[in-house]
Amino acid sequence: MNVDYDPAPRLPVSTGERTFVVVISLGFVALIAADLAQSFSPNKLAALFVLLSWVPLLVLHELAHALAARSVGWHVSEIVIGFGRELVRFRVGETRVRVRAMPLEGYVVPSPDRVEGARVKQAWVYAAGPLSQGLVLLAVGSVLGWQWPTPGEPIGRIALESLGVAAALGALCTLVPYSSRGHASDGLGLLASLFVAPDTFRQRLCWPFLADARRHLLREQVALAEQRTRAGLEQFPDEPRLLGLLAVCTAASGAAQQAFDQLEALGPPENHVPLVRADVLADAAWSVLFAERLDLYSDAQRAAQQALELAPRDLHYQLLLGRIHLEQGRAELAYTQLMAAYKHTTDVDQEAHCIAYLALCCSELAKAEGAPTVAGYAPRFLSAALALDLPPALRQRIELTRS
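Every letter in the sequence shown is one number past the one before it in the working numbering, and letter 339, counting from 1, is 329.
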């Protein structure tokens, strides 16, 4: 396998690249300021007002999605504003809010409370975002009397007109059907809602518990993961994915045989529908990793591979398979899987693990004779990993590798 055959690997941003972007951005701002200062007229502020309006409108857009979901009784796990490096993370009730460096787009992660009427409710959640911006446009138009802009207008009116333009652009852009970074636009989501199978909604009912427990496990917070999993089982006592995740928690606690018994009690994976089967297979592989059973790594690899075949876009499975390859000493295969996950993940915990394990992969590749080009990425990934909030055991492994 030629790991160098990748024309666009994703690499952590270096200090030099960050400085370059800051300098270019300041230069761009300086050019705008110089243009405004030269033969200034209020009309020149229109473009600036449109840009300044974008962020509050984006916040309103995502908040509208979240409020629409809550209005129909749905759970909102996460609200994300922007993409790129995470700047701030906080909670509002049970909803995690993440603000990232580039506030150009965002998304909300809702989960249904029941299957009945879920198609209409999902369509409403998707429609709420552009509808909120449409209401802003309607309000601005009503205040301004629906008149076209004219030269020599006061700054206040120009600001309102720019707000209306930004609202219209935002609503129209999101209503175009497309998919970006694994997330459907509002237009695509609206159309797709009409054809979603009831089983898809049924499988999403326990998603808040699954997502939280997985996140805690990635951060080596086993007790919290088990607590969240058991909370889910109180509502969905026969849900195999929660039972499988409970086995992962058991393995992470050091009771490997008990974990394998719990997985065995779920029956053959073939007894479950494909998406559930994929999670059960992944849980079996994850349990082996936590148990550090070297004799079972080949079985874990096959399980993770089968899970990924059932759900090729699931980044959790890609990360899991990459980790198993690494533990088996297959650094090139590990690099391929981890880089594929790293290129597409927007989750801060998954991203941190991708960077950390890519650092380990590149370091392993650097030891081989005739090391591939990607081995030279090791210092960059190692430095980036040590700057992240990694769980203790993984951080210790990175520090040992760097030393």
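Just so it is clear, CB atoms sit at the ideal spot from N, CA and C, and this is done for glycine as well.
Counting only unbroken stretches of 4 or more residues, the alpha helix (DSSP H) elements lying wholly within the region 172 to 243 are 176 to 183, 188 to 194, 197 to 208, 212 to 225 and 230 to 242, in sequence order. Collapsing the DSSP output to three states places residue 107 in coil. A Cβ-Cβ distance of about 7 Å is found for the pair residue 331 and residue 340, placing them in contact under the 8 Å criterion. Counting along the chain, residue 287 sits inside the alpha helix (DSSP H) bounded by residues 287 to 300.
The straight-line gap separating the alpha-carbon atoms of residue 244 and residue 250 is approximately 12 Å. When Cβ pairs closer than 8 Å are counted between the two stretches, the region 127 to 137 is seen not to touch the region 58 to 66, the count staying below three. The Cβ-Cβ distance between residue 322 and residue 13 does not fall below 8 Å.
When only Cα atoms are considered, residue 192 and residue 186 end up about 11 Å apart. Here DSSP, grouped into helix, strand and coil, assigns residue 2 to coil.
Within its own chain, the residues whose Cβ lies closer than 8 Å to the Cβ of residue 51, once the five positions on either side in sequence are excluded, are 96, 119, 120, 122, 123, 160 and 164, listed in chain order.
Put simply, of 378, 54, 3 and 287 the residue whose alpha carbon is nearest the alpha carbon of residue 98 is 54.
At least 8 Å separates the beta-carbon of residue 315 from that of residue 272.
Annotation: the continuous alpha helix (DSSP H) that includes residue 369 extends over 368 to 376. Ranking 16, 211, 267 and 265 by CA distance to the CA of residue 240 puts 211 first. Just so you know, the alpha carbons of residue 280 and residue 199 end up roughly 20 Å apart. Taking 8 Å as the cut-off, the Cβ atoms of residue 85 and residue 56 count as close. In the three-state reduction of the DSSP assignment, residue 91 falls in the strand class.
Annotated as proximal: residue 238 and residue 277, with beta-carbon spacing under 8 Å. In the structure shown, residue 85 adopts extended strand secondary structure according to DSSP, grouped into three states. Contact between residue 378 and residue 342 is confirmed by a C-beta separation of about 5 Å, below the 8 Å threshold. Excluding residues up to 5 positions away in sequence, 278 lie with their Cβ nearer than 6 Å to the Cβ of residue 286 in the same chain. A contact between stretches requires three or more CB pairs, one per stretch, nearer than 8 Å, and the region 31 to 45 meets this requirement with the region 141 to 152. Residue 162 and residue 60 have their C-alpha atoms some 24 Å from each other. Contact check for residue 106 and residue 90: beta-carbon distance about 35 Å, past the 8 Å limit, so the pair fails to qualify.
Boundaries of the alpha helix (DSSP H) harbouring residue 346: 338 to 357, taken from the DSSP string.
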